[in-house]
Amino acid sequence: MFKIVTPREAAGVIPDNARVAINSFLALSNPEELHDAIYERFAETASPKGLRLFCPAGFGVWDEGRCADRYIKAGAVAEIVAGHYGSMPAAVEAALSDGIEAYNLPLGMLSHAVRAAASGREWILSEVGIGIFADPRTGTCALNRVSKKEQVRVVEIEGGEYLLFKTPKIDIALIKGTTADPNGNISFEREYLTVDALSLAQATKRNGGKVIVQVERVSHEFSRPRNVIIPGILVDFVVVCEHKPSSSAYNPALSGDVHVPASHMDYYVNKLSTTKRKNAAGSGEKDETADIIGERAARELKPGHIVNIGIGIPESVGKYASKMGILKDIVTTVEAGGIGGLPAPGVAFGATIGADMICDMATQFDFYDGGGLDICFLGGLEADMKGNVNAHKLEGGFSGIGGFADITFATKTIVFCMSFNTKGLVAVRENGAVSVKREGSVPKFKKEIAAISFSGANAVKRGQRVLYVTERCVFELTESGLALKEVYGGIDANRQIKARLDFELISAGP
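Residue numbers (this note's numbering): 3 to 512.
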């Protein structure tokens with residue numbers, strides 16, 4: 003039988019050294035009041051300490067003074083296993099300074115592991131990580147020298163190679179919902195995602211753990227059965243934190259209360275967008291790099307395509323799809339669970355504007371891993387001459403792989419949207435041509451890269467079409483490596499492309 007408690011009482015049931023699983027997707031569905039209560043208890047009592055945090059996605063809001071970052075920075079956490087780290091600055095700092103054990107694995111693999119744990123399975127098998135950093139023959143899931151646990155190993159079954167990953171043993175689940183009815187059934191009507199709430203609650207109870215759910219309200223009315231995400235039989239504690247409009251503005255276009263037609267999409271995207279046009283080094287110079295890339299990449303869309311659009315530069319693909327009038331003829335998806343509509347930009351990434359459906363995250367990855375996507379648009383930190391892409395790790399920083407590996411695993415056409423170089427690059431469109439006003443100081447296409455998030459060899463073997471769209475040209479993956487497929491008007495191929503590479507391109511395309 004569930005019990006309604008205060009945030010501090012809920013934090014009090016968390017023992018030292020507990021494995022705490024968080025049901026969030028970056029800033030979304032993040033139970034912030036529960037995080038605050040854990041921090042406050044630790045600050046006063048030095049407990050709970052030695053926490054081992056587990057989250058398939060990330061659980062931060064790009065602010066070390068909020069959510070779990072507060073008690074990570076304070077020293078309450080000993081280990082983190084997560085798919086994404088970029089939204090958790092304190093976690094990244096602790097990991098890169100060897101202050102905690104930290105591991106990064108593909109988001110889909112971790113999401114499926116939670117579901118497997120709910121059914122009592124001890125491990126899962128995945129092809130997704132073969133040939134990239136998660137494969138111990140290629141790289142490592144560990145972020146630092148103190149992280150020595152074996153997270154995955156390679157096994158062979160009936161002639162095929164797989165990565166074996168042990169499922170998590172969860173002691174405490176932290177979940178955010180909207181309403182608890184008289185039986186403790188939890189509905190999510192004001193949440194933008196369910197993430198993997200049901201599987202997480204099941205996995206926690208399977209391990210004899212406690213499920214803590216933060217809600218906005220309790221209701222004397224019973225929920226419609228189909229609206230219940232977590233049944234009361236899986237809930238131990240309910241923490242009621244009334245909605246605070248000043249701290250979290252509810253958006254009905256993201257929860258599904260308002261359906262957004264394609265004709266209104268630009269309006270809602272502009273209302274949500276937190277990405278401002280970059281000014282070069284504060285000089286006031288206009289930089290249209292992302293727009294140039296987004297417009298060219300959007301031309302790869304065809305009516306009927308089922309699509310995934312990533313965060314960062316790829317966000318501009320959706321904008322140009324809308325301007326081109328093709329948005330109404332395609333179906334976009336987000337790894338967090340949204341189908342239809344358009345991915346929300348900026349800190350709302352993971353949510354969907356005007357979705358037709360929002361499913362559990364593990365279910366979405368079933369669809370992705372099974373080849374359900376026709377095309378995807380993703381960013382990248384760097385790419386090498388073999389077409390490999392690093393999207394998760396650079397010296398002095400770490401963002402994490404997120405859903406990148408699953409999205410690219412079986413998608414028919416992959417479009418990487420990345421600038422030719424960075425750190426100072428300024429490119430604009432003038433009279434139908436591209437003008438590079440200033441080159442960036444850091445190349446993004448190079449002979450060798452720091453880590454492999456995407457394997458060009460695997461893509462060639464699977465017969466995938468792979469493009470690398472920049473602000474000046476388009477590269478294409480071939481069996482022999484990168485080939486120059488297209489050079490934009492206004493660009494000198496020899497001076498502005500080939501001479502700036504430390505490797506030889508395969509050939510110049512038409």
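Just so you know, even glycine gets a beta-carbon here, dropped at the ideal spot from N, CA and C.
Through-space distance from residue j to residue i, alpha-carbon basis
i, j, result
"P316", "Y105", "26 Å"
"L507", "N390", "14 Å"
"H307", "F477", "22 Å"
"D100", "I74", "13 Å"
"A119", "M90", "26 Å"
"G514", "K51", "What the structure shows of the chain is the stretch from 3 to 512, and residue 514 is not part of that stretch, so it cannot be assessed."
"F490", "P254", "Here residue 490 is Tyr; the residue named in the question, Phe, does not match the sequence. Approximately 41 Å between the Cα atoms of the pair."
"L109", "N433", "43 Å"
"G352", "P305", "24 Å"
"E35", "W125", "32 Å"
"K178", "G348", "21 Å"
"A48", "T8", "19 Å"
"E66", "K463", "42 Å"
"C57", "A144", "15 Å"
"A115", "T169", "5 Å"
"K492", "L486", "Inspection of the sequence shows that residue 492 is occupied by Gly rather than by Lys. Cα to Cα, the separation comes out at about 16 Å."
"S482", "D386", "12 Å"
"F505", "F447", "9 Å"
"G77", "G340", "35 Å"
"L274", "A346", "7 Å"
"D6", "E244", "Per the sequence shown, residue 6 should be read as Ile rather than Asp. Each residue's alpha carbon lies about 13 Å from the other."
"P445", "G141", "22 Å"
"A23", "G342", "29 Å"
"S257", "G296", "27 Å"
"D371", "I409", "7 Å"
"F369", "A97", "32 Å"
"N441", "E81", "Note that residue 441 is Glu in the sequence shown here, rather than Asn. Taking the straight line from one Cα to the other gives about 40 Å."
"F167", "A407", "15 Å"
Near the ligand PLP: residue i beta-carbon under 8 Å from a heavy atom
i, result
"T365", "As for the ligand PLP, it is missing from this structure, which has no ligand bound."
Whole-Å CB distance - residue i paired with residue j, under 8 Å assumed
i, j, result
"L303", "I377", "7 Å"
"N496", "A452", "The Cβ separation is near 28 Å, so there is no contact."
"S113", "F367", "6 Å"
"A29", "V63", "4 Å"
"V262", "Y270", "5 Å"
Own chain partners of residue i with C-beta closer than 8 Å, once the 5 adjacent residues on each side are dropped
i, result
"V309", "L303, I332, V333, T334, T335, L375, D376, I377, C378, F379"
"I232", "I177, G179, N187, I188, A199, L200, A203, V213, V215"
"K280", "Confidence is the limiting factor: at K280 the pLDDT is only 42, short of 50, which leaves the residue's position unreliable, though a coordinate-based value still follows. Closer than 8 Å at the Cβ level, and outside the excluded window around K280, lie D289, T291, A292."
"K171", "R21, A119, N209"
Residues that residue i bridges to, as DSSP identifies them
i, result
"S189", "T181, V230"
"G342", "Beta-bridge pairing links G342 to no other residue."
"C419", "V471"
"Y105", "V83, A144"
"Y164", "V157"
"R431", "V436"
"I308", "V333"
"R502", "Paired residue(s): none; R502 is not in a bridge."
"V242", "V217"
"I74", "For I74, which the question treats as bridged, DSSP gives no partner whatsoever."
"N392", "E384"
"K5", "F239"
"C57", "A84"
Nonlocal neighbours in the same chain, by C-beta distance under 6 Å from residue i, ignoring five residues either side
i, result
"H37", "C69, A70"
"E191", "T180"
"G458", "K388, G389, N390, L479"
"N460", "G133"
"R219", "T181"
"N229", "S189"
"L344", "M267, G320, T334, I355"
"D173", "A20, R21, G211"
"G186", "F4, G234, V237"
"V215", "I177, G179, I188, V237, V240"
"I499", "C475"
"P33", "L176, K178, Q216"
7 Å CB neighbourhood of residue i in its chain, flanking five on each side removed
i, result
"T291", "S421, L427, A429, E473"
"G122", "R208"
"I294", "A429, R431, V436, E473"
"L503", "F447"
"A39", "P9, R10, A12, A13"
"D18", "S49, P50, K51, G52"
"A300", "V319, Y322, A323, M326"
"A357", "G258, G340, I341, G342, G343"
"E450", "D386"
"R312", "A small correction: the amino acid at residue 312 is Gly; Arg does not occupy that position in the sequence shown. Only F379, L380, G381 meet the Cβ criterion."
Three CB pairs or more closer than 8 Å across the segment 393-407 and the segment 232-239: As far as the Cβ criterion goes, the segment 393-407 does not touch the segment 232-239, which means the pair count is below three.
Inter-stretch contact (C-beta, 8 Å, three-pair minimum) for the segment 152-162 and the segment 407-423: When C-beta atoms of the segment 152-162 are compared with those of the segment 407-423, fewer than three pairs fall below 8 Å, so the two segments do not count as touching.
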